[in-house]
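Working notes, beginning with the structure itself.
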Amino acid sequence: MTLDATDLSLTVDGVDHLKDVTASFQPGRLHTVIGRTLAGKSTLLRVLAGLQRVDSGSLTRHGADFLTTPVWRRDTAMVYQQFINYPHLTVFDNVAFPLKRAGVARDEIRRRVQESLARVGLTEFRRRRPSQLSGGQQQRVALARALVRGAGILLLDEPFANLDYKLREQLREEFKTLFSDQGDAVVIYTTTEPAEAMMLGDVVLVMHEGRIIQTGPPGEVYDRPATTTVARIINDPPMNIFTGRIAGGRIAVDDLQVTRVPAHLADLPDGTYQFGLRAPDIALASAGLQAEVTFVEISGSETFVHLALSGTGFVVQIDGVHDIALGDRVSMRLRPERLFAFDHSGALVRSPSSGPGSPEGR
Amino acid sequence: MSRLYATFKYTLISVWAGFVVGPFMWAVLTSFKDANGVQGGATYLPWVQYEPTLTGWQNIFGGAGGVDVVRPFLNSAVITLVASIISLALGALAAYGLSRYRFKIGFIANSDIIFFFVSQRIMPPVVLVVPFFFLLQWANLLDTIPGLVIVTVALLLPIAVWVMVDFFNGIPRQIDEMAMLDGCGPFGAFVRAILPNSVPGLTVAAMFCAVFGWNDFFFAFRLTFTEIQTLPQAVVALNSSIPPWWTLSAAALFGMSPLILLAVWVERYLSKGSLPGVIR
Amino acid sequence: MDGLRRHKSMFLLPGLLTLLLIIVFPLLFTIRVSFSGWNVSNPEMDFVGGANYVKVLQDSRFWAANLRLVLLAGGTVLIQYLIGFGLALLVWRNVRARRLWRVLFLVPMMTTPVVMAAVWQMIFHESLGPVNDMLAKLGIAPVHWFTEAGPALAALMTVEIWQWTPFMFLLMLAGLLSLPKEPFLAAAIDGAGAWRTFWKVTFPLMAPVSVSAIIIRLIEASKLSDTVYVLTSGGPGSATESPGYYLYLRGLKEQQTGYAGSLSLTYLVLMVITLTIVAALLARAFKVPRQSSKAKEQ
Amino acid sequence: MNRKQLTKSLAVPVAVLAITVAGCSGSSGPEQKPDKPALFKPGSEISYAKYGKDYPTTKVKDVPGPCSYESISRKDYSGQTLKIISHAVPVIGEPTQLHARQFEEITGAKVEVVNVPFGELHQKILTPLQAGQPAYDVMFYPSLWIGDMAPYLVPVPKEYLDAPGMKDVTKAYLGVATWNGKVVQYPVDGDRHYLKIRTDVLADRKHQAAYLAATGKQLRAPQTWAEYQEIASFFGGKDVDGDGKPNFGSAEVTKRDDLVFSAFISRAAPYVKHPDVTGGVFFDVTTMQPLINTPGFVRALEDMVKAKSTWPAGGANFGLGDEIFSFGGGQALMSYSWDDAFIQAQQTDSRIRNRVAAAPLPGSAEVYNRNTRTWDKIQNQAPYFTWGWTSAVAKTARNQKMAFDYLCFFSNEANTALDLTIGRFGVNPYRNAHFDPGFWQAQGWSKDVATAYVNTLSGMEKSTNRVFDLRVPGVNEYMSSLANGVAAALAGQQTPQQALDAVAKEWTEITDRVGKDRVQEAYRNVVALEDNS
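Residue numbers (the working numbering), protein chains in the order written: chain C, 488 to 849; chain G, 2 to 281; chain Y, 211 to 508; chain B, 1051 to 1583.
This is how it looks when you write it as structure tokens:
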């Protein structure tokens, strides 16, 4: 019952939209595809849905060729980032649409639509047109329609991206169980948000420039990002990556000693590495490394401070709202036990969760 | 809004309204005159300057001195309606295809095909009329309604395509995709998901079709003999060396009445706000 | 939706083939007949080589008509655009009896050109029409509407403007009504006056509609012949002949089908080239970004 | 129901269907039904009054004969359709419609009439004829197109030629209807150009005295075009008839796509038709060299350009209708063209009824002799038999008998008597019986007016120095070219000489295009009429 993609490639006007994408999507599991905008996530979903052809590669479902199956026979439901509904139909009819096409009996349709609307909390709006609803409500209609028919493949293309932050979190919470409760369905959910990917996904696929660069359970991807690129993509704010040297038990950036070598990196030979450190793992301190504030973002309960340390940029996440002015010089302190080490090509060498002497494998 | 500006604005509007209404008013006045009312020079006030008569109006409804307009009216209506429906159907289909799919036949791409459609409007009717005559003669369709419908479709189809391509481009393609994901074939997606949302576009296209179909004189005139007469022909039949201006005016007013209703209808759509997105 | 290429012809072909079927024969016929001496006395498809085309090159009346068309079509369409846009702005919002004005301003477009031209002929009649009569009441000498080249052109242009300004009005009004509100809010917040708002916000936003409206009107206006036929019959002399009317004279009235065929094709080629250039120039003048192919690929 | 009955009951509808299909397909040919009882008694009174108040209440008697109301009403054409093309309403178009309606009423036929503006008539008739399309059974058109139409026309059958009404048609108009010895057109109208003047001005003592004082000449109906110009200029722009509006000297048909060519030929006739020169006016019939740019024509065009100053506002773009309204409405004091303006002036409700007179077209004091290339100083008159309306039956007509019956009914004595008195109908005298002053006096015309009218018309018949239309194939092209030249000169775009040189060049081209032999052969017929040979 799997959906298997092998070496899917698509190039348009010289740009790789998909490049040798190989992945196996399992029934009953929720796959989150995380990647930046234009990483190829939507293209991948459109190929899976049959809305987009590929240049090469294969796609099989239950072991049979799926590429030649037309869209309308793929048993696939999709929710778009834009709130796409049928403008001419009422909420009820919108949700009933796929059931009618599938030839479901009338009573059955009514029952399932009502149940579905109840689940998304739109029962009282069933007679309205989509244009008379708020953005969040419109997207609930789209979700209800996607869920109502129990499709074998459920594709969700950044469904909450166009909603405001609060609503996004709320819906994400609400639907977490819904998405993972799709029985034998293959559920694929794309997002640009690390938290969303980690929180929802049974399996996380990281996409970058048309390739899948890492696949694994959320915890594993989070703890052991295969490359610096993955490390950046799956963290928000992106993981701070800086080049430094290990020498004499100390880590130095240029000529500046930044910290001692922590235990999990102790057995690494001296040399140049790329180090990764998440934003919360840097603290502002009364004493420490002197850096200059280049930018300050305040987001609700947190403050993100962008710092420049001898030409390398860092983002620091601190709790609470702080009044920090641009150009201030502040002291910062790294938490060495949270350091990731990558080699010069960007591949992971050590992560905080791996003990000394256990090299990272892929 | 300052008072000065308001005065200025309403003055402009009134001046143009007067210019628009003038010819109609003159036609109305003239339609109630007779030879004596016309000959002496321009007269404006009925009963005062001339004695109003109903001759003009009687002449177009079966009076012996005129040309009957009722049958031509029906002919025009049937031809316009049928040709518009065919053009809208074919035009909407083609426009949808051109809006949603990429065509490539040699060096010919979508924009070239659209240009081909629209370019039919550049063709002066004179170019087409002689060959159309032989074409319809070959098909034995001269002087028949089907013959005129075919020719009128050639005139209207480009308009329908032009309006509808733009309109469909404005409908998110995700809607058709979703319909297909929901189990519709491509044609089903078009019929069930796109067409019901295209009423404003179809309205505009239908309006243009109606205007150009109803007002065609050239082709109807040359491809018919005696059986089928359209309304413009009936009016032009009064354009003799001694034009009976009163009858001509009455026929002209009668002939344009249905399309004036069309103007009211189009304005309603404009005001409801359903059209604006269509014509861009 | 390239995954569906097998289905796409189903949409395009019925319309395309219908048009091709209707158009191809006339076009081939015209091309062929333009190399023949077909005329009223010898309606035969003989072959006279390029003789007709040589004659076209020397036909000063035809070329004069083409030049005149530049004035007639270009001038009237420009005026129609200015008035149509102006009227649309006037009744766009904040106006009493808005719907009445709108209907009124649309009506002329709905009328049959040959019929209205006959009405206008009565109106401009030099001794029996109301225009000269009213001018006389104002103490102005009668204008020779149909017997002097200048007034005849003016009369013709008046009728064209009357008939087709509504078309511009409709497109421009619809364009205005579909404009987003935000730029206007922004302009209002910036404290921009009406004049500045128009030039900085309204006009640029309306540029694409303007270009397409002008082009469509130019295409239609270039065929000008019905109105000429009824109103002035091309006179006085040949002072108001448009190419469309001249083609009609040669092709249908005199039934020189072969020669008219070559005139038609020459004219068609001229028009396609001219309109293409004009379209490009307009797009540049209005600073409209070049539209990419309509069928976008995702 | 047994099987036999069943078969029978099925067979009936099938047979009905078969008959219907056969009827629709038209392959069954015209069926000649036996005569039905006449609806009219011999000599019944005929009036158009019941068709509306636009028609005179005059009553005339049905004249017995094969075309009378009585005879035609015996025919049963029910179930048959007659297709007719005619000129726009009202000129000839309205009588076509009216008589079609009457024909339907009395024969049961269905008559479809299409009315077409003048500029379109030629191609509208000729295109289907050439394409072999049976579009029209009966056609009304200007008689000068005979050269183009003749190959497609049915000669008038003997029984109609022998009808008394046809026997009474004047020699000239029967000649106009004849092509290669066969009468192929059915005469329904007789047209010519003549001069129309306002007697209340030109025969008025006061005005005569003023004119004499100013010019030293007698005021009279102008005998030459020079005199016409003089009189026209003298009275132009003044209110001389006391109606409060200015009068103008002359109204002429000057519109290019109307009938300016006829007006021009009227003006040119006395300059170009030399009584002693034979062999063609428009062409030298032996060489087919165009003569249109010879000095006679050029002088006529110079005259016409000069005359512009005497025309009313818009006079340089007058169609026939304008001319009719201008003279008939009392604005212009003189005019020359067909009868219509005169009849309009003589309508019962006209302000200037019986204040007008007909006279022969002005002549000239000298005429160009193209043999000697000199102007000969002789007083010359040359009536112009410009085209009139005619009718004909197409070879493709489904029921030729019905078509001819319609035409003979159209032109029966009773109908013609009524039609002649309705100016807008455009039906003018063409039978000897019409040249009787008594007929016109019976319409309320004064004796003087009626006598002058009849004398003018019959005088033209008697003249031996006449100009006929260029009745050759392609005539429309020749006339269109001439109209262009005249219009260009009138609009000041070219000098008369330049304009006519260009016309001559085009005429040569047209002749080559149509075929010199064909044109020449046809033109010989015209020249034979002109040369009285």
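Beta carbons are placed, not taken as given, at the ideal position from N, Cα and C, and that holds for glycine. From a predicted model like this one, the values you see are computed outputs, not experimental measurements.
Residues that residue i bridges to, as DSSP identifies them
i	result
N1534(B)	Beta-bridge pairing links N1534(B) to no other residue.
E1095(B)	K1111(B)
W1425(B)	Y1418(B)
E779(C)	A795(C) and R816(C)
E784(C)	F791(C)
Buried or exposed (CB count within 10 angstroms, at least 16 for buried), residue i
i	result
S1075(B)	With a pLDDT of only 40 at S1075(B), under 50, the local geometry of the prediction cannot be trusted, and the value read off the model is given with reservation. It is exposed - the Cβ of S1075(B) has fewer than 16 other Cβ atoms within 10 Å.
D1307(B)	buried
I483(Y)	exposed
Y1244(B)	buried
G385(Y)	buried
L826(C)	buried
T1337(B)	exposed
R619(C)	Residue identity differs from the one stated: residue 619(C) is Gln in this sequence, not Arg. With fewer than 16 other Cβ atoms within 10 Å, it is exposed.
S251(Y)	buried
F9(G)	exposed
K504(Y)	Any reading at K504(Y) is ruled out, since the residue's pLDDT is 35, under 50, leaving its predicted position unreliable.
Q1082(B)	exposed
W247(G)	buried
E392(Y)	exposed
V1071(B)	Reliability fails at V1071(B), whose pLDDT of 38 lies under 50, so the model's placement of it is uncertain and the value that follows must be treated cautiously. Result: exposed.
Q1268(B)	exposed
Q268(Y)	exposed
F334(Y)	buried
Under 9 Å by beta carbon: chain G residues contacting residue i
i	result
T577(C)	Here the premise fails: no neighbours, minimum Cβ distance about 12 Å.
D1399(B)	A36 and N37
Partners in chain Y for residue i, counting only beta-carbon separations shorter than 7 Å
i	result
R4(G)	The contacting residues do not exist; R4(G) stays about 14 Å from chain Y at best.
Unbroken beta strand (DSSP E) run spanning residue i, endpoints
i	result
H793(C)	E789 to L796
I700(C)	R698 to G703
Interface residues of chain E facing residue i [CB-CB closer than 9 Å]
i	result
T12(G)	Reference to chain E is not applicable here, since the protein chains of this structure are C, G, Y and B.
Within chain B, partners of residue i - CB distance below 8 Å
i	result
V243(Y)	The premise fails here: V243(Y) is roughly 14 Å from chain B at the closest Cβ pair, so nothing lies under 8 Å.
Rounded distance between the beta-carbons of residue j and residue i, thought under 8 Å
i	j	result
H1172(B)	N1526(B)	5 Å
A1407(B)	I1281(B)	Rounded, the Cβ-Cβ distance is 14 Å, inconsistent with contact.
L1457(B)	V1161(B)	With a Cβ gap of about 12 Å, L1457(B) and V1161(B) do not count as contacting.
A190(G)	L89(G)	So it is not a contact: roughly 19 Å between Cβ atoms.
K1174(B)	S443(Y)	With 8 Å as the limit, K1174(B) and S443(Y) do not qualify as a contact, their Cβ atoms being about 17 Å apart.
V164(G)	A206(G)	4 Å
Boundaries of the alpha helix (DSSP H) in which residue i is found, first to last residue
i	result
A629(C)	G622 to V635
F496(Y)	It is not in any alpha helix (DSSP H) - F496(Y) carries neither H nor E in the DSSP assignment.
Contacts that residue i makes with chain C (C-beta to C-beta distance below 7 Å)
i	result
I176(G)	I571 and Y573
Per-residue contacts from residue i into chain Y (C-beta, under 8 Å)
i	result
L287(G)	Not covered by the structure: residue 287(G). The range shown for chain G is 2 to 281.
L143(G)	Near L143(G) there are no residues of chain Y at all, since even the closest Cβ is about 15 Å away, more than 8 Å.
Closer than 9 Å at the beta carbon, the chain B residues around residue i
i	result
P352(Y)	A1363 and G1364
Chain Y residues whose Cβ lies nearer than 9 Å to that of residue i
i	result
R72(G)	Residues of chain Y passing the Cβ test: none, with the nearest at roughly 17 Å.
Under 7 Å from the C-beta of residue i: neighbouring residues of chain B
i	result
N249(Y)	R1563
L462(Y)	Q1173
beta-carbon residue i near the ligand SAH non-hydrogen atom, thresh 7 Å
i	result
W1425(B)	The ligand SAH is absent from the structure shown, which contains no ligand whatsoever.
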